[in-house]
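Asks:
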Amino acid sequence: MTVTIELPGETVNVSGELLDRYDVNAPRYTSYPTSPWWSDSFNEDDYRRVVADSNHSDRPLSLYMHLPFCEHMCRFCGCNAIVRHNHEAAAADYLPYLKKEIDAVTSMIDPSRQVVQFHWGGGTPTYFSPEHLSDLFGFTAERVGFAPDAEIGVELDPRVTSLDHLDALKKLGFNRLSLGVQDFDHEVQVLIGRVQPYEQVSDLVATCRDRGFTSLNFDLIYGLPGQTLDTFAHTLDQVAGLRPERIALFSYGHVPWVKKQQQVLDGKIPLGVDKFKLLCLGLERLTQAGYIYVGMDHFALPDDELCVAQRDGSLHRNFQGYTTKGGADLFAMGITGISEFSRSYTQSVRGLKPYRTLVGEGKLPVLRGVELTDEDIIRRATIGDLLCHGLLDKPEFSRRWGIDVDEHFAAELALLEPLRADGLLEPDPDTIQATTVGRIFIRVIAMVFDQYVHRSADGPRHSRTV
107 MTVTIELPGE
117 TVNVSGELLD
127 RYDVNAPRYT
137 SYPTSPWWSD
147 SFNEDDYRRV
157 VADSNHSDRP
167 LSLYMHLPFC
177 EHMCRFCGCN
187 AIVRHNHEAA
197 AADYLPYLKK
207 EIDAVTSMID
217 PSRQVVQFHW
227 GGGTPTYFSP
237 EHLSDLFGFT
247 AERVGFAPDA
257 EIGVELDPRV
267 TSLDHLDALK
277 KLGFNRLSLG
287 VQDFDHEVQV
297 LIGRVQPYEQ
307 VSDLVATCRD
317 RGFTSLNFDL
327 IYGLPGQTLD
337 TFAHTLDQVA
347 GLRPERIALF
357 SYGHVPWVKK
367 QQQVLDGKIP
377 LGVDKFKLLC
387 LGLERLTQAG
397 YIYVGMDHFA
407 LPDDELCVAQ
417 RDGSLHRNFQ
427 GYTTKGGADL
437 FAMGITGISE
447 FSRSYTQSVR
457 GLKPYRTLVG
467 EGKLPVLRGV
477 ELTDEDIIRR
487 ATIGDLLCHG
497 LLDKPEFSRR
507 WGIDVDEHFA
517 AELALLEPLR
527 ADGLLEPDPD
537 TIQATTVGRI
547 FIRVIAMVFD
557 QYVHRSADGP
567 RHSRTV
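Quick note: the sequence shown uses our numbering, first residue 107, plus one each step.
Structure representation (structure tokens):
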């Protein structure tokens, strides 16, 4: 059986044999090394040293804050979320400690460094009242300086985001909003425990536009229970009609052994070729509607900054997905926050109780981390070029990193030959350039350069490429 994908100016065929070969478990490469290989011995002293070193660089700042609370747990959710029905009690349990961490972290940062990117993620940030959000942002803004063109974004749940929330966010300077849509089909929404009619989202989008928000992102998920080609096609057409500047089309990750609420979805989700057809439908409908396939799971309108960054070679990938702020040091605060510096990653504790305990004692809530070797840096750049641009120009990369790509990656280049023979790579010997099919399975290509993923047969589990 062959799946045909009709793209603007190109028809792509993927055989069942090819799908079976490359629909495998692979990292998503929001970091390298990926987080399962980080060390628990990396501690608060290591983090403070890394921050001190970063102050000697001229790198700007990116700030992320995790606001983990939700009113209800969606059955598909794989995020670190906490369900609390009492909003004021949740705010009292978390926000004072988050402020204390913000105070501690920002006190270590050179005040001359400007914030070029700021993001609230969750959970549901708009779970908190406009007053709480305004207070939290004001507290932060008193401690760091924002660049005039800073990207300031937040994730929204259309079911709980009010007009007062939007007015407060606009007044605070937020300019990027990400709406959790997932799917517009009512039966799918009932199955996943997240009912939000199209009209509710459409009205919210209209209100965002009326208030001057010019950069909206929609999060969609393919592979949800109850999704069919017909229902998902309707969702995609409705989404394209609302014209968000960016669309993230995520694969549903079914991990019921980790996320217990997903157990009720066992046996109801599309798998294998059925799930792959949903992805292909997304590729077709969104590109035919004028969106550019940026890569992995991201689409954007041609004049969006993501597309501009991809064209000029500055696109970067981190724990927030694709970003235009690749030259910034990312400081993450709140539970599960992951910070990224030029040569290290640090993750905060996952649970609310240990977070409150450590921060309450005046400590930084470091769980683990890793410092990168020179070889890690080179391989991270290799994987980054592939995921962001679908291309590694061997002569240019050799000059940039002072290596001979053919010698340095001789073993890896040999492993790529079967992928080239299967049509995932262009035949040009001076490049490692993914074809359209190769871009769909780009994680498989990137994984060839991963020194860690093959170290143990009993090693970390990753999501599948489809």
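Even for Gly, the Cβ is constructed at its ideal location relative to N, Cα and C.
Which term fits MET107, buried or exposed, when burial requires 16 or more other beta carbons within 10 angstroms of its beta carbon?
Replies: Against the sequence shown, residue 107 aligns to sequence position 1. Per the 10 Å Cβ criterion, exposed.
Asks: Looking at the structure shown, is ASP151 part of a helix, part of a strand, or coil, going by DSSP?
Replies: By 1-based counting over the sequence shown, the position of residue 151 is 45. ASP151 falls in the helix class under three-state DSSP.
Asks: Please state the DSSP three-state secondary structure of CYS185.
Replies: Translated into the one-based positions of the sequence shown, residue 185 becomes position 79. Coil, per DSSP.
Asks: What does the Cβ neighbour count give for GLY259, buried or exposed, with the cut at 16 atoms within 10 Å?
Replies: In the sequence shown, counting from the first residue as 1, residue 259 sits at position 153. By the 10 Å Cβ count, GLY259 comes out buried.
Asks: CYS176 bridges to which residues according to DSSP?
Replies: Indexing the sequence shown from 1 puts residue 176 at position 70. Beta-bridge pairing links CYS176 to VAL189.
Asks: On a CA-only basis, which of ASP372, VAL370, ASP291, LEU204 is nearest THR334? Give me that one, please.
Replies: Counting from one through the sequence shown, the residue named residue 334 turns up at place 228. The residue with the shortest Cα to Cα distance from THR334 is ASP291.
Asks: Report the option in LEU531, ALA552, ALA527 whose CA atom is closest to the CA atom of ASP491.
Replies: Counting from 1 along the sequence shown, the entry for residue 491 is found at position 385. Of the listed residues, the one whose Cα sits closest to ASP491 is ALA552.
Asks: Can you list, in chain order, the residues of its chain with a C-beta nearer than 6 Å to that of ARG549? Leave out the 5 residues immediately preceding and following it.
Replies: Here the question's residue 549 lines up with position 443 in the sequence shown. If we look at ARG549 and ignore the five residues flanking it on each side, its Cβ neighbours are ALA132, THR571.
Asks: Please classify PRO202: does DSSP put it in a helix, a strand, or coil?
Replies: Numbered from its first residue, the sequence shown carries residue 202 at position 96. Helix.
Asks: Spatial neighbours of VAL345 within its chain, please: C-beta separation below 6 Å, excluding the five flanking residues on both sides.
Replies: Here the question's residue 345 lines up with position 239 in the sequence shown. Closer than 6 Å at the Cβ level, and outside the excluded window around VAL345, lie PHE324.
Asks: When burial is assigned at 16 or more other CB atoms within 10 Å of the CB, is ALA563 buried or exposed?
Replies: Indexing the sequence shown from 1 puts residue 563 at position 457. Caution applies to ALA563, whose pLDDT of 48 falls short of 50 and renders its modelled position unreliable; the model cannot decide the point.
Asks: What three-state label does DSSP hand GLY286 in the structure shown?
Replies: As a working note, residue 286 is residue 180 in the sequence shown. Three-state DSSP puts GLY286 in a strand.
Asks: Going straight from the alpha carbon of TRP363 to that of ARG134, what length do you get?
Replies: Translated into positions along the sequence shown, residue 363 becomes position 257. Translated into positions along the sequence shown, residue 134 becomes position 28. Going by the C-alpha atoms only, they are around 19 Å apart.
Asks: If we call anything under 8 Å between Cβ atoms a contact, is LYS381 one with GLY332?
Replies: In the sequence shown, residue 381 corresponds to position 275, counting from 1. In the sequence shown, residue 332 corresponds to position 226, counting from 1. Taking 8 Å as the Cβ cut-off, LYS381 and GLY332 do not qualify as a contacting pair.
Asks: Would you say HIS422 and CYS494 are within 8 Å of each other, going by their C-beta atoms?
Replies: As a first step, residue 422 is located in the sequence shown; it is residue number 316 there, counting from the start. As a first step, residue 494 is located in the sequence shown; it is residue number 388 there, counting from the start. The answer is yes: Cβ separation under 8 Å.
Asks: Assuming GLN416 is part of the alpha helix (DSSP H), what are its boundary residues?
Replies: For the purposes of this step, residue 416 is identified with residue 310 of the sequence shown, where counting begins at 1. Unbroken alpha helix (DSSP H) run through GLN416: 411 to 418.
Asks: Do GLY433 and PRO202 have their C-beta atoms closer together than 8 Å?
Replies: Indexing the sequence shown from 1 puts residue 433 at position 327. Indexing the sequence shown from 1 puts residue 202 at position 96. Contact flag unset, no.
Asks: Decide if the region 359 to 374 is in contact with the region 405 to 419; the criterion is three or more beta carbon pairs, one per stretch, under 8 Å apart.
Replies: no
Asks: If you scan the region 319 to 398 from start to end, which runs of the alpha helix (DSSP H) of 4 or more residues do you find wholly inside it?
Replies: Assignment of alpha helix (DSSP H) within the region 319 to 398, counting only whole runs of 4 or more residues, yields 335 to 348, 378 to 394 in chain order.
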